[in-house]
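Reviewing the structure listed below.
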Amino acid sequence: MRSLLTVTLCLLLIACSATQTSDTPKGKPKLTGVIWELANIQSKDDSTDMPRAPGLYTLEFRKDGSVAIRADCNRGRGNWASETADQLNITQLITTRAMCIPRSLHDSFISDLNDTRSFSLNEGKLYLTTIDGSILEFFSGRAMQVE
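To convert, take the position in the sequence shown, counting from 1, and add 1; that gives this note's numbering.
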């Protein structure tokens, strides 16, 4: 009787561990759990634009497939999906439309997010690449608060 109970418990543990899933599929880097702060935007013509202050342009990828955005004086949200290890689509972006100060990166930031097609993570930095070859570089800001 005791050995039957032991075998049953072992099988139960094996079954439970086999069905356990991870938040990050194998081969896909983790984007969630961090607030990504924009460091710069390098355009295809090699010009570089930088935010006038830290924290004005941020992304928060959430496990539910949504993304929260700060774009200077505006806030927004959208959806994100990554089907392969380096592919990334950000869609259905909706933002407030307050008038930010002159020389704001708001318009180019939002446009580039809409055109994002791939990403890479390297030494704690996130790089988004757009259709036209522009690169948005982010650094890992503070960890997101658990809701």
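Cβ atoms here follow ideal geometry from the backbone N, Cα and C, with glycine treated the same way. In this text the structure is predicted, and so the values were computed from the model without any measurement.
Nearest-angstrom Cα separation, counted from residue j out to residue i
i: residue 86; j: residue 104; result: 35 Å
i: residue 137; j: residue 122; result: 12 Å
i: residue 71; j: residue 82; result: 19 Å
i: residue 93; j: residue 111; result: 11 Å
i: residue 125; j: residue 60; result: 15 Å
i: residue 102; j: residue 69; result: 21 Å
i: residue 56; j: residue 67; result: 20 Å
i: residue 149; j: residue 117; result: Because the chain is modelled from 2 through 148, residue 149 falls outside the range shown and cannot be assessed.
Sub-8 Å separation of residue i and residue j beta-carbons
i: residue 115; j: residue 91; result: yes
i: residue 75; j: residue 107; result: yes
i: residue 129; j: residue 140; result: no
i: residue 33; j: residue 63; result: yes
Where residue i falls, given that 16 or more other Cβ within 10 Å makes a residue buried
i: residue 113; result: buried
i: residue 48; result: exposed
i: residue 132; result: exposed
i: residue 73; result: buried
Closest by C-alpha distance to residue i, when choosing among the options
i: residue 58; options: 50, 39, 47; result: 39
i: residue 41; options: 61, 117, 100, 53; result: 53
i: residue 45; options: 89, 134, 143; result: 134
i: residue 77; options: 117, 99, 35; result: 99
According to DSSP, residues forming a beta bridge with residue i
i: residue 36; result: According to DSSP, which records beta bridges pairwise, residue 36 is partnered with nothing at all.
i: residue 92; result: 80
i: residue 126; result: 123, 140
i: residue 71; result: 59, 76
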